[in-house]
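Colleague: Could you have a look at this structure, given as structure tokens, before my questions?
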Amino acid sequence: MKNLLYFLTILLGLIFLIGCNPMMNKKQASKEVVCPNIFFSSEHKNFIYSDKDNISLDNLSFNATLNNYKFDKGCKKNTDILIFPLDILVIVNPILLTQQDIELPVYALLLDRNDKLIETQYFTIEASVDKDSDNNKFIETDIVHKLNIVTKNELVENLIIGFMLEKKKIEILN
Numbered sequence: 106m107k108n109l110l111y112f113l114t115i116l117l118g119l120i121f122l123i124g125c126n127p128m129m130n131k132k133q134a135s136k137e138v139v140c141p142n143i144f145f146s147s148e149h150k151n152f153i154y155s156d157k158d159n160i161s162l163d164n165l166s167f168n169a170t171l172n173n174y175k176f177d178k179g180c181k182k183n184t185d186i187l188i189f190p191l192d193i194l195v196i197v198n199p200i201l202l203t204q205q206d207i208e209l210p211v212y213a214l215l216l217d218r219n220d221k222l223i224e225t226q227y228f229t230i231e232a233s234v235d236k237d238s239d240n241n242k243f244i245e246t247d248i249v250h251k252l253n254i255v256t257k258n259e260l261v262e263n264l265i266i267g268f269m270l271e272k273k274k275i276e277i278l279n
């Protein structure tokens, strides 16, 4: 019986050592890569929203503007996947805003060095507009949101970021 207990103890110890072996459980190391160039779409840099069905300049709830960006952490490559962790700054100006929570539809165009479109990715920024505690009115709000752009295509050299806009909103903005 002692021999069986001794054998099981050794067997469990070996299983534990093999299971904890760093060679067996080694995670794929990520490698730093050059981050792509970032551009904001000149035609889709601004966003407008209205609670009303028929949007016009007279009934806008808020407008938003893409303002700045930063790669907070470096761009990485894991096996065959590229990861571009891009923080973007959006400035929201309340006009006739009635609710604090907003959604901003954003796209990222991934382009090669010849500005040929490789891929389009879509994101929704969910945020809350700040209120002035004294008068309980909505105030201009800076929103920083991370877009985790992930692709398998290694030819990405440029990213264009913009708001998704319907035809009517584009007409109003122009």
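Those letters in the sequence shown? Residues 106 to 279, per the numbering used here, in order.
Cβ atoms here follow ideal geometry from the backbone N, Cα and C, with glycine treated the same way.
Note that the coordinates shown come from a computational prediction; the quantities given were computed from them, not determined experimentally.
Which residues bound the alpha helix (DSSP H) around K273?
Modeller: Taking the first residue of the sequence shown as 1, we reach residue 273 at position 168. Looking at the DSSP string, the run of the alpha helix (DSSP H) that includes K273 is K272 to L278.
Colleague: Check whether the Cβ atoms of D156 and S146 sit closer than 8 Å, and answer yes or no.
Modeller: Along the sequence shown, read from residue 1 onward, the residue named residue 156 stands at position 51. Along the sequence shown, read from residue 1 onward, the residue named residue 146 stands at position 41. With a cutoff of 8 Å on beta-carbon distance, D156 and S146 are scored as not near each other.
Colleague: Under the three-state reduction of DSSP, which class applies to D192: helix, strand or coil?
Modeller: Counting from one through the sequence shown, the residue named residue 192 turns up at place 87. Strand at D192.
Colleague: Just to confirm my understanding: we take T170, look at its own chain, exclude 5 residues before and 5 after, and list those with CB closer than 6 Å. What are they?
Modeller: As a first step, residue 170 must be located in the sequence shown, where it is residue number 65. Contacts found: N151 and I196.
Colleague: Quick check on A213: buried or exposed, where buried means 16 or more other Cβ atoms within 10 Å of its Cβ?
Modeller: Position 108 of the sequence shown holds residue 213. Buried, because 16 or more other Cβ atoms sit within 10 Å of the Cβ of A213.
Colleague: Excluding the 5 residues flanking Y227 on each side, which residues of the same chain have their C-beta closer than 6 Å to its C-beta?
Modeller: Taking the first residue of the sequence shown as 1, we reach residue 227 at position 122. Hits under 6 Å: Y212.
Colleague: Taking the DSSP output, what are the residues bridged to P210?
Modeller: Start at 1 with the first residue of the sequence shown, and residue 210 comes out as number 105. Partner(s): T229.
Colleague: Give the DSSP-derived three-state secondary structure of L165 in the structure shown.
Modeller: Here residue 165 refers to the residue found at position 60 of the sequence shown. Coil at L165, not helix or strand.
Colleague: Enumerate in chain order the residues of its own chain whose CB-to-CB distance from K257 is below 8 Å, with the five nearest sequence positions on each side excluded.
Modeller: As a first step, residue 257 is located in the sequence shown; it is residue number 152 there, counting from the start. Correct list, in chain order: D185, I186 and L187.
Colleague: Spatial neighbours of H149 within its chain, please: C-beta separation below 7 Å, excluding the five flanking residues on both sides.
Modeller: If you number the sequence shown from 1, residue 149 lands on position 44. If we look at H149 and ignore the five residues flanking it on each side, its Cβ neighbours are G267, F268 and L270.
Colleague: Nearest CA to the CA of K221: which residue from C180, I244 and L260?
Modeller: The sequence position of residue 221 within the sequence shown is 116, counting from 1. Of the candidates C180, I244 and L260, the one whose C-alpha sits nearest the C-alpha of K221 is L260.
Colleague: Please report how far the alpha carbon of T301 lies from the alpha carbon of I207, in whole angstroms.
Modeller: The structure shown has nothing for residue 301, since the chain only spans 106 to 279.
Colleague: Taking a contact to mean a Cβ-Cβ separation below 8 Å, would you say E262 touches D217 in this structure?
Modeller: Against the sequence shown, residue 262 aligns to sequence position 157. Against the sequence shown, residue 217 aligns to sequence position 112. It is a contact, given that the beta carbons lie within the stated cut-off.
Colleague: With H, G and I counted as helix, E and B as strand and the rest as coil, what does DSSP make of G179?
Modeller: The residue labelled residue 179 in the question sits at position 74 within the sequence shown. Assignment of G179 by DSSP, reduced to helix, strand and coil, places it in the coil class.
Colleague: What is the DSSP secondary structure of T184, counted as helix, strand or coil?
Modeller: Reading the sequence shown from its first residue, position 79 is the one you call residue 184. In the structure shown, T184 sits in coil (DSSP, three-state: anything other than H, G, I, E or B).
Colleague: Going by DSSP in three states, K236 sits in which element: helix, strand or coil?
Modeller: As a working mapping, residue 236 is identified with position 131 in the sequence shown. Reduced to three states, the DSSP call for K236 is strand.
Colleague: To which residues of the same chain is E348 closer than 6 Å at the C-beta, ignoring the five residues directly before and after it?
Modeller: The shown model of the chain, from 106 to 279, leaves out residue 348, and the question about it has no answer.
Colleague: Following the continuous beta strand (DSSP E) through D247, name the residue where it begins and the one where it ends.
Modeller: As a first step, residue 247 must be located in the sequence shown, where it is residue number 142. Segment T246 to T256, the beta strand (DSSP E) holding D247.
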